[in-house]
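What follows is a short report on a single structure.
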Amino acid sequence: MERETDILNKISAKFEVEGKIQRKQRIWIKVDKENLIDLCKFVKEIGFGHLSAISVTDWVKDGKYEVIYHLWSYKDKILITLKTRIDRDNQNINSVVPIWGENAQIHEREIHEMFGVKFEGNDDLSPLFLEDWQGPPPFRKDFDWGKYVREKYYNKKNERENIYFEEV
Amino acid sequence: MEMESISENEYELFFGPAHPGSGNFAVRLKVDGERILSARSDPGYLHRGFEKLMEYRLPIQNAVLSDRICVLEPLNWNLIHAEAVDELMGIDTPERAKYIKVIMAELSRIQSHIIWYGVISMGTGFNTGFKIAFGYRDYILDLFEMITGGRVYPAGYICPGGVRRDLPEGAKEKILKVLEKMEEMLEFEKLENPFHLDRMENVGILKLKDAIRLGATGPILRASGMKTDVRKDEPYEVYDKLDFEVPVRKEGDAYARYWIGLEEIQQSINIVKQALNNLPDGDFIAKEFKKPKLAIKIPEGEVYVRNEVARGEAGIYMASDGGTKPYRVKIRGPSFLHMIPVLEHLLKGAEIADVPAIYWSLNVCPADLDR
Numbered sequence: 029m030e031r032e033t034d035i036l037n038k039i040s041a042k043f044e045v046e047g048k049i050q051r052k053q054r055i056w057i058k059v060d061k062e063n064l065i066d067l068c069k070f071v072k073e074i075g076f077g078h079l080s081a082i083s084v085t086d087w088v089k090d091g092k093y094e095v096i097y098h099l100w101s102y103k104d105k106i107l108i109t110l111k112t113r114i115d116r117d118n119q120n121i122n123s124v125v126p127i128w129g130e131n132a133q134i135h136e137r138e139i140h141e142m143f144g145v146k147f148e149g150n151d152d153l154s155p156l157f158l159e160d161w162q163g164p165p166p167f168r169k170d171f172d173w174g175k176y177v178r179e180k181y182y183n184k185k186n187e188r189e190n191i192y193f194e195e196v
Numbered sequence: 024m025e026m027e028s029i030s031e032n033e034y035e036l037f038f039g040p041a042h043p044g045s046g047n048f049a050v051r052l053k054v055d056g057e058r059i060l061s062a063r064s065d066p067g068y069l070h071r072g073f074e075k076l077m078e079y080r081l082p083i084q085n086a087v088l089s090d091r092i093c094v095l096e097p098l099n100w101n102l103i104h105a106e107a108v109d110e111l112m113g114i115d116t117p118e119r120a121k122y123i124k125v126i127m128a129e130l131s132r133i134q135s136h137i138i139w140y141g142v143i144s145m146g147t148g149f150n151t152g153f154k155i156a157f158g159y160r161d162y163i164l165d166l167f168e169m170i171t172g173g174r175v176y177p178a179g180y181i182c183p184g185g186v187r188r189d190l191p192e193g194a195k196e197k198i199l200k201v202l203e204k205m206e207e208m209l210e211f212e213k214l215e216n217p218f219h220l221d222r223m224e225n226v227g228i229l230k231l232k233d234a235i236r237l238g239a240t241g242p243i244l245r246a247s248g249m250k251t252d253v254r255k256d257e258p259y260e261v262y263d264k265l266d267f268e269v270p271v272r273k274e275g276d277a278y279a280r281y282w283i284g285l286e287e288i289q290q291s292i293n294i295v296k297q298a299l300n301n302l303p304d305g306d307f308i309a310k311e312f313k314k315p316k317l318a319i320k321i322p323e324g325e326v327y328v329r330n331e332v333a334r335g336e337a338g339i340y341m342a343s344d345g346g347t348k349p350y351r352v353k354i355r356g357p358s359f360l361h362m363i364p365v366l367e368h369l370l371k372g373a374e375i376a377d378v379p380a381i382y383w384s385l386n387v388c389p390a391d392l393d394r
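One line per chain: the protein sequences are A and B, in this order.
Residue numbers 29 to 196, in this note's numbering, belong to the letters of the first sequence in order.
Residue numbers 24 to 394, in this note's numbering, belong to the letters of the second sequence in order.
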């Protein structure tokens, strides 16, 4: 666990973050939106060159999106996770494309499609999986798939389709 | 989708989605004569929204759902899903279950790599290889049927807490017999074949620096000269007790990737043999899950689990808010990066005739890309 503590100390010496060591090879760090890019640059410099994934959790009760970056260091063999919260109504965040390149680009493109988060500085956020999608971003917590499909594709008055409208 | 109007020599070409060799996936190629100017991946034909579907289901249901993340290696995805739930719930699975999981995951890796060999052969015009590969793969499917009950989809055989059923009687002997067959297949694969050499040598070269930047993992990264394997870097289950090597090549071309696949089959055979010899007695599922309970509360928390599947690094991020269903699941499939940034990078500047060789040398699976 020494290497984990070392890395966490290095980071907290430079940035105001809330960090914890979850277990061997796992560090979790909470950071403000403003410090995110500087912190990303710093961790890339100390060896976290592989961006394993970017994901978003929709904490709808708090009115926040949590953007999560999973980074792996081939040198230290440690996975660090950076988490930052942004407002659901003001869903802009700086892109990490200048730091991790095409890898980050494609992750951000997916998240933009599924959650509607806008990454400033990412010039290609065109639809990836969904074609001709008109509805709201589908992975949001307040988006109800069943309801959307019922309203859009089924007719309650149709005898063969009204079964979809029955309460289960 | 509209085709752009282009000059006399330039035109646009679709590789897939109806191409016999592309799977449910398309690449739009902008071509000048025979040379590809740029490529743009067009995924989404298999998008089923697993991440969202899992938020509505209990872990025991998600175990079955996790089969479908990749058609070609369902057991590996079963394993990583079960690991995520186990870690979140703090369950320690019995030693025997860990060994059975490793055996099943490695058998799954072997059959996936055999398919890889088969589709590469088909893409390079060696159709016999394709047919032989699918014939030999069936021996492993027979094993899966005997052990899990399903030939391709194990229906959540590896579930939270361990495995659904113990190995049936005589399983060890049968697995060893099938491994003999696999070694036979491997001997055939290792014959130097002009089809493979001509079509793949010095084609689609991926430099190490680019590979890391584009997010390549697993056999693709190892073929470019990086010695890394999640099973070694971050041993899960019982991989730290097993002795195996990580094959690495420096060339980074399609032939190197193909060759890494062959060497990994040999390593997986060794792993299964060792695991069978060391298989301990005992329970095959943790006592919390012995009697199937539907709704178990998942403690609040979050985990990120990484595994080495046949295609590269797989990851599952799972968060729980204390309910019976996961609050958020993020699935990281290796093909997501192999089929979009890596493929686009390699196709740029290549010739049309090299597309199948490059495409299949990346060991792609549109299912784990789209999820």
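Where is the CB? At the ideal position from N, CA and C, for every residue including glycine.
Keep in mind the model is a prediction, meaning the values are calculated, not measured.
Minimum C-alpha distance to residue i - residue among the options
i	options	result
residue 242 (chain B)	B:197, B:31 and B:280	B:280
residue 276 (chain B)	B:244, B:296 and B:252	B:244
residue 361 (chain B)	B:379, B:176, B:351 and B:384	B:384
residue 138 (chain B)	B:123, B:163 and B:172	B:163
residue 42 (chain A)	A:105, A:59, A:79 and A:125	A:59
residue 97 (chain B)	B:180, B:169 and B:32	B:180
residue 102 (chain A)	B:202, B:256, B:91 and B:339	B:256
residue 389 (chain B)	B:267, B:240, B:359 and B:106	B:359
residue 122 (chain A)	A:76, A:138, A:62 and A:176	A:62
residue 62 (chain B)	B:56, B:52 and B:342	B:52
residue 70 (chain A)	A:128, A:89, A:195 and A:94	A:128
residue 296 (chain B)	B:133, B:341 and B:369	B:133
residue 33 (chain B)	B:369, B:46, B:59 and B:363	B:59
residue 333 (chain B)	B:69, B:75, B:67 and B:387	B:387
Contacts that residue i makes with chain B (C-beta to C-beta distance below 8 Å)
i	result
residue 119 (chain A)	Near residue 119 (chain A) there are no residues of chain B at all, since even the closest Cβ is about 16 Å away, more than 8 Å.
Neighbour-count burial assignment, residue i, 16 or more Cβ in a 10 Å radius
i	result
residue 391 (chain B)	buried
residue 141 (chain A)	buried
residue 188 (chain B)	exposed
residue 5 (chain A)	The structure shown does not extend to residue 5 (chain A), since chain A is modelled only from 29 to 196, so the question has no answer here.
residue 291 (chain B)	buried
residue 161 (chain A)	exposed
residue 273 (chain B)	exposed
residue 347 (chain B)	exposed
residue 222 (chain B)	buried
residue 37 (chain A)	exposed
residue 238 (chain B)	buried
Under 7 Å from the C-beta of residue i: neighbouring residues of chain A
i	result
residue 363 (chain B)	134
residue 251 (chain B)	102
residue 74 (chain B)	167
residue 52 (chain B)	Under the 7 Å cutoff, chain A gives no residues; its nearest Cβ is about 18 Å from residue 52 (chain B).
Interface residues of chain A facing residue i [CB-CB closer than 9 Å]
i	result
residue 106 (chain B)	Those do not exist, as residue 106 (chain B) stays about 13 Å from chain A at its closest Cβ, beyond 9 Å.
residue 336 (chain B)	78, 80 and 100
residue 396 (chain B)	With chain B covering 24 to 394 only, the question about residue 396 (chain B) has no answer from this structure.
residue 373 (chain B)	Under the 9 Å cutoff, chain A gives no residues; its nearest Cβ is about 17 Å from residue 373 (chain B).
Alpha-carbon to alpha-carbon, residue j and residue i
i	j	result
residue 259 (chain B)	residue 330 (chain B)	8 Å
residue 155 (chain B)	residue 141 (chain B)	8 Å
residue 293 (chain B)	residue 194 (chain B)	17 Å
residue 206 (chain B)	residue 150 (chain B)	21 Å
residue 203 (chain A)	residue 66 (chain A)	Because chain A spans 29 through 196 in this model, residue 203 (chain A) falls outside it and cannot be assessed.
residue 193 (chain A)	residue 154 (chain A)	34 Å
residue 233 (chain B)	residue 201 (chain B)	39 Å
residue 271 (chain B)	residue 146 (chain B)	24 Å
residue 181 (chain A)	residue 184 (chain B)	40 Å
residue 114 (chain A)	residue 300 (chain B)	52 Å
residue 380 (chain B)	residue 226 (chain B)	8 Å
residue 106 (chain B)	residue 213 (chain B)	35 Å
residue 38 (chain B)	residue 49 (chain B)	5 Å
residue 341 (chain B)	residue 54 (chain B)	42 Å
residue 252 (chain B)	residue 179 (chain A)	48 Å
residue 152 (chain B)	residue 144 (chain B)	6 Å
residue 240 (chain B)	residue 248 (chain B)	11 Å
residue 230 (chain B)	residue 373 (chain B)	15 Å
Interface residues of chain A facing residue i [CB-CB closer than 8 Å]
i	result
residue 70 (chain B)	157 and 158
residue 113 (chain B)	By Cβ distance, chain A contributes nothing, its closest Cβ being about 11 Å from residue 113 (chain B), past 8 Å.
Proximal chain B residues relative to residue i, where beta-carbon distance stays under 7 Å
i	result
residue 149 (chain A)	Per Cβ cutoff of 7 Å: no residues; residue 149 (chain A) is ~17 Å from chain B at best.
Partner residues on chain B for residue i, Cβ-Cβ distance less than 9 Å
i	result
residue 129 (chain A)	236, 237, 238 and 364
Residue i Cβ short of 6 Å to the ligand PLP heavy atom set
i	result
residue 176 (chain A)	Summarising the ligand content, the structure contains no ligands, and the ligand PLP is consequently not present.
Task: Three-pair Cβ contact test at 8 Å for the stretch 150 to 157 of chain A versus the stretch 92 to 99 of chain A - done: no
Open item on the list: Tell me whether the stretch 167 to 186 of chain A and the stretch 84 to 101 of chain B touch, counting them as touching only if at least three CB pairs, one residue from each stretch, are closer than 8 Å.
Closed with: These segments do not touch.
Open item on the list: I want to know whether the stretch 110 to 126 of chain B touches the stretch 302 to 321 of chain B - three or more CB-CB distances under 8 Å.
Closed with: yes
Open item on the list: Check whether the stretch 103 to 110 of chain A and the stretch 40 to 57 of chain A touch, using three or more Cβ-Cβ pairs below 8 Å as the test.
Closed with: By the C-beta criterion, the stretch 103 to 110 of chain A is judged to be in contact with the stretch 40 to 57 of chain A, since at least 3 inter-stretch pairs fall below 8 Å.
TODO: Taking a Cβ distance cut-off of 7 Å, strictly less, list which residues of the stretch 225 to 243 of chain B are near chain C, in chain order.
DONE: Among the chains of the structure shown, chain C does not appear; the protein chains present are A and B.
- [ ] Determine contact between the stretch 313 to 331 of chain B and the stretch 339 to 354 of chain B, defined as no fewer than three beta-carbon pairs at a distance below 8 Å.
- [x] yes
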